[in-house]
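Undergrad: Chain order of the listed sequences is D, A and U.
Sequential numbering from 1 applies to the first sequence in the working numbering.
Sequential numbering from 293 applies to the second sequence in the working numbering.
Sequential numbering from 566 applies to the third sequence in the working numbering.
Quick one: the structure is below, and I'll ask about it shortly.
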Amino acid sequence: MNARLAAWGFVIPAVAIIAVFFLLPVMGALALSFTDFDLYALADLRNLRFVGLHNYERLLETALFWQALGNTLYFVAVGVPLSIGMSLGAALLLNSSVTRATAFFRTALFAPVVTTLVAVAVIWRYLFHTRYGLVNYALGMAHVAPVDWLGNPHWAMPTIILFAVWKNFGYNMVIFMAGLQAIPRELYEAARIDGASGWRQFLHVTVPMLGPTLSLVAILTMAGYFQLFAEPYVMTEGGPLQSTLSVLYFMFNEGFKWWNLGAASAVAFLLFAPIFLVTAVLLRLARSREVA
Amino acid sequence: MNRRAAVLVVNGLLVGLAVIALFPLLWMVSVSFMPTGAASTLPPPLLPAAPTLANYRELFGRVGMGRYLLNSLVISTAITLGSLALNLMAGYAFSKLQFVGRERLFKALIGALVIPSQVAMMPLFLLLKNLGLINTYGGVIVPALAGIFGIYLVRQYAQSIPDELLEAARVDGAGELLIFTRIVLPLLKPIVITLAIFTFLGSWNDFMWPLIVLTDQGLQTLPVALASLSREHVQDNELMMAGSVVTVLPVLALFLALQRHYIDGLLLGSVKG
Amino acid sequence: MAGWKRPLRVRARLEDSKPLSGLIDRRRLLAGAGAAWVAAGLGARIAQADDATVAGTKSARPVQLRCWFMGHEAEFVAPLLPEFERRNPGITVAIQQVPWTAAHEKLLTAFAADGLPDLCNLGNTWIPEFAALNALEPLDAYIAASQVVAPLDYFPGIWDTNRMDGAVLGIPWYVDTRLLFYRRDLLAQAGFDHPPSTWNEWARMLAAVKTNAGPGRYATLLPLNEFPPLLALALQQAEPLLRDGGRRGNFSNDGFRRTLSFYVEMFRRGWAPMLTYSQIPNPWAEFGRGFFTFYISGPWNIEEFQHRLPAELSHAWTTAPLPGPDGPGASSAGGTSLVIFRFARHKDAVWRLIEYLSEPATQIRFHQLTGDLPPRRSAWRDPQLSANEYAKAFREQLERVKPTPKVPEWENIVNQMQEMAAQVVAGRFSVDAGTQELDRRVDATLEKRRWMLDRRHTV
């Protein structure tokens, strides 16, 4: 069998699926975003209009879009550092020499990652119930007034952030563990001999050595957090007062609730752009630091 | 800080974290065994006073969870098997087989990883509608049959296969397909298992796409069914917890059984490759 | 949100999400579809299986109708079907149940995927939308030839909601409107022995009830993420909610601003708590314990309150028509209508099902099963309904119902209205600024409609 033909034979099925069911629709979305495809157009294609950048302009003037963007940025700005902090902290704990039952702890801390988001969102929604939730009950025992976690516009997003961090921190924790284990012991020895305390060792050995891992984790986590959807969909339906409406949820509403596919596609690209930019910038930074 | 204190602090913190991580899951199981309305009392109960299987009976009886479980099983299995086949072949080819534009194509695919899948959702919906795949298992399975991340993982792992082994086989006159099935696949076994777990977990937990594509209630997967149930039954918390247990248990069990492979695979994909 | 019809969560019966009740038709059961399906508990449907053997072989090929029923009505339609199938051998009916929370999306997705059923009970506020999609079959010819469906027997406000551009697109199946449910014992404690008939009177009562109730309890409940109460009050104004033939928003005119001000006042003065629906998992229990005295709700709660309130409270509550700005007020003309979708294959057979479900006798039977109110005056003469003290207020209110604007974008617009109302209640906008902003947003939503209408005029 011709080796080259075989090679194509191996590659084409997968690449074809990706091309037809991913790349083609992405280009289609770009095209759609320049039209006002909606219910009327769904009924009769003659109702379709080419509107150029009008969808984008309209979106940038829509208060709800900015609210969704603000909510999403809030989620990313607070959630990513919190998540990475917790993951790193947990990894350091697990990696320490005084830990017992490492395997058990690692499994326990990782378990939330594999659970189905919808299922645990339902649990959390109930744990944080204003009247009957265990969280407020525990607060009550500490003589703290009950908080309306999911009903108060100021607390709803923090609750969702907490939830997302709880669900995900195990994932990055494992990555950090591997990164930590790759740091040669001699470096710590050398630092200790030089009289560095634990904290200074952390600052001058751990952090620099973890640099590439940290960047990677930050990029992946950030890209993932921009795509917030399922948590508000299940827990708060975007409320209260649209305080947990994310850009993706907004897109879902526009596209699959109201069938404004043109506008929804524009939202998708407006979401994609910052992700792409931030990722590109961070990658550039990471690479330049590596070279240095 | 002396060693004794260090042991206490570190392990204490870990215990605390473990409690935070596991408590909601354990409580979920506990509530699922409580009779209706028992969880909506003050003080909120931790353990059922009178454990009952009523919620599960209700779930599989009136609510028909068995049907959703079946849907999830069929879809996740189909996606896992199908995408394994395609991703393994492609990943191997990108690593070990020569063809024009191999590196450029691979780089392009990696670049496409940045694009969030939601961008493609709406036109994909229209495309599938024209193919008659909306509201069918196929609508969920077919687009998931190949994944860039999967191909990447396989390629990275396949790099470690010695070329000489393959060359020797070729010299002996073996065809490419034979080489792949007899020599390469056994060597790729760890990544096969990892990828299988990844894919199964991912497709089992997938929510947004099945929500959009599967309009027929009888075809829904567990997460979608659970979400729609939870939006309607604001009162029946015990039932919701039972539904959550049924949704989470299979993947948790799978994870516990195969966690070594899963975590190894995670590391493979993320730490320098 | 849950759309115009009752939010399904209010019913919260498990039957609501029974998927296996869908697409099971008895012929297949008889043909031995398998123990698995039977074991899945098909209840009433299986019990009727014996009757089905009577079904003759009159027509050459059995016709199967695919029907979607929104809300829990699906299970209560099932017992009505054997009689229909007995009278119409050769036609079988397969039902699928669709919860209200997902109905709008499911219907549109089905439309997009060419997967609409033959018949469904469409919320009448959605009729303009599906008419714009050209998805509904005009029924005038069928009505003209029918002995059963008599347009004049229906409440005019309700019948009107089914008329679009001169054609009748649906036959009302059950009606829905909103009016006051109230605790007359608590109202009496506050010093009143009759329900309010004007807004001013109502305001005085709300203030008195709140004073009497004290902190932690309220005079009324208006969930902030539900539009029906505000909509009902808004429809009482003379000014329409959209102007220019539904081309532009009219929310910043005096009428709606008056309504919104009244609505906001209820929160400002502490008569209503600032809560959303999901924060009140059990409104019936709360009604029972006096958390609120007045509640704007619909017919299904007659049954619900009767079932869920303790026996000693059974005479403590009753219903009353909505008070209006200057006298008894109008309310929303809601309900669902039976529609035939354009691409249905056996339209005559579907029409026969519609006729059967529209017979006064069937409507009364359906009412007995569900508590849903019939849209025909003749059905209301049935002693059971006419004697029902709670239903009396509905009978009166139904003569004073107004339809919502008949534009396809209405579902979207009414949601925007409620979102803005919640913002105004929360103090983020003043009534004036909020309604102006609302009009701006609604105008943007209606832009395509303006273009389409203009084009139609020039074409």
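Even glycine gets a Cβ: it sits at the ideal position worked out from N, Cα and C.
Note that the coordinates shown come from a computational prediction; the quantities given were computed from them, not determined experimentally.
1. Please identify the residue among D:P13, D:R4 and D:L117 whose C-alpha is closest to the C-alpha of A:D498.
2. With a cut-off of 8 Å on the beta carbons, I'd call A:L458 and A:I471 a contact; round off their distance for me.
3. Between the beta-carbon of U:E961 and the beta-carbon of U:P875, is there less than 9 Å?
4. Going by the DSSP bridge assignment, what does U:R813 pair with across the sheet?
5. Skipping 5 residues on each side, what residues in its chain have a beta carbon closer than 6 Å to that of U:R965?
6. With three or more beta-carbon pairs closer than 8 Å as the criterion, would you say the stretch 822-840 of chain U touches the stretch 977-996 of chain U?
7. Which value, in whole angstroms, describes the spacing of the CA atoms of A:T436 and U:R652?
8. Looking at U:W724: is its Cβ nearer than 9 Å to the Cβ of U:P737?
9. Would you please verify whether the beta carbon of D:R200 is less than 9 Å from any beta carbon of chain A?
10. I'd like to check one pair, U:M831 with U:L771: are the Cβ atoms closer than 9 Å?
11. Grab me the residues of D:A19's own chain with a C-beta within less than 6 Å of its C-beta, minus the 5 sequence neighbours each way, in chain order.
12. State the Cα-Cα distance for the pair D:R192 and D:A164, rounded to the nearest angstrom.
13. What does A:S520 reach in chain U if we use C-beta pairs closer than 9 Å?
14. Taking contact to mean 3 or more Cβ pairs, one atom from each stretch, closer than 8 Å, check whether the stretch 78-96 of chain D and the stretch 460-467 of chain A are in contact.
15. Label D:E231 either buried or exposed according to how many other C-beta atoms from any shown protein chain fall within 10 Å of its C-beta, with 16 as the threshold for buried.
16. Mind checking if A:I504 is an interface residue toward chain D, Cβ cutoff 9 Å exclusive?
17. Which residues in chain U have a C-beta closer than 9 Å to the C-beta of A:N427? List them in chain order.
18. Chain A partners of D:A268, CB-CB under 7 Å?
19. Closest by CA to D:N2, which one among A:A488, A:V411 and A:F391?
20. Return the CA-CA distance between A:G383 and A:L445, expressed in angstroms with no decimal places.
21. Between D:Q227 and D:P274, what straight-line distance do the alpha-carbon atoms span, to the nearest angstrom?
22. Out of curiosity, what's the CA-to-CA distance linking D:T107 and A:I489?
23. Using the C-alpha atoms, what's the distance from A:T486 back to U:L607?
24. Give the interface partners of U:Q661 over in chain A, defined as CB-CB distance under 9 Å, in chain order.
25. Quick one: does A:P435 have its CB under 9 Å from some CB of chain D?
26. Within a Cβ cutoff of 6 Å, which residues of the same chain sit near D:T213, ignoring the five residues on either side of it in sequence?
27. Taking D:G255 as the query, report the chain A residues whose CB atoms sit under 8 Å from its CB, ordered along the chain.
28. By how many angstroms is the C-alpha of U:K775 removed from the C-alpha of U:G835?
29. Between the stretch 1000-1013 of chain U and chain A, which residues of the former have CB atoms less than 9 Å from a CB of the latter, in chain order?
30. Tell me where the beta strand (DSSP E) around U:L688 begins and ends.
31. Pull out every residue of the stretch 221-246 of chain D whose Cβ sits closer than 8 Å to any Cβ of chain A, in chain order.
32. Quick check on DSSP: helix, strand or coil for U:P893?
33. Using the Cβ count rule (16 or more neighbours within 10 Å means buried), how would you classify A:A342?
34. By the DSSP assignment, the alpha helix (DSSP H) with U:T657 in it spans what residues?
35. Sort U:I978, U:L922 and U:R743 by Cα distance to U:F959 and report the nearest one.
36. Quick check on A:I332 - is its C-beta less than 9 Å from some C-beta in chain U?
TA: On the basis of the supplied data:
1. For the residues D:P13, D:R4 and D:L117, the minimum Cα distance to A:D498 belongs to D:L117.
2. 6 Å
3. no
4. U:R808
5. A895
6. yes
7. Reading off the sequence shown, one finds Ala at residue 436 of chain A, where the question assumed Thr. Looking at the two C-alpha atoms, the distance is approximately 48 Å.
8. yes
9. no
10. yes
11. There are no such residues.
12. 37 Å
13. S582, P664, T666 and A667
14. no
15. buried
16. yes
17. T674, A675, A678 and G680
18. Result: Q410 and V411.
19. A:F391
20. Between A:G383 and A:L445, the alpha-carbon positions lie close to 7 Å from each other.
21. Cα-Cα distance, rounded: 11 Å.
22. 16 Å
23. Confidence at U:L607 is low in this model, with a pLDDT of 34, below 50, so its placement is unreliable and no value can be given for it.
24. D508, Q509 and G510
25. yes
26. Annotation for D:T213: G179 place their beta carbon closer than 6 Å to its own, counting only its chain and skipping 5 residues before and after.
27. Per Cβ cutoff of 8 Å: M413 and M414.
28. 8 Å
29. none
30. Leu is not the amino acid found at residue 688 of chain U; the sequence shown has Gly there. Run containing U:G688: L684 to G688, per the beta strand (DSSP E) assignment.
31. A223, F226, Q227, F229, A230, Y233, V234 and E237
32. strand
33. exposed
34. First-last for U:T657: I656 to V663, but that is the beta strand (DSSP E), not the alpha helix (DSSP H).
35. Among U:I978, U:L922 and U:R743, the Cα nearest to that of U:F959 belongs to U:R743.
36. One detail in the question is off: residue 332 of chain A reads as Ser in this sequence, not Ile. Answer yes: the Cβ-Cβ gap between A:S332 and chain U drops below 9 Å somewhere.
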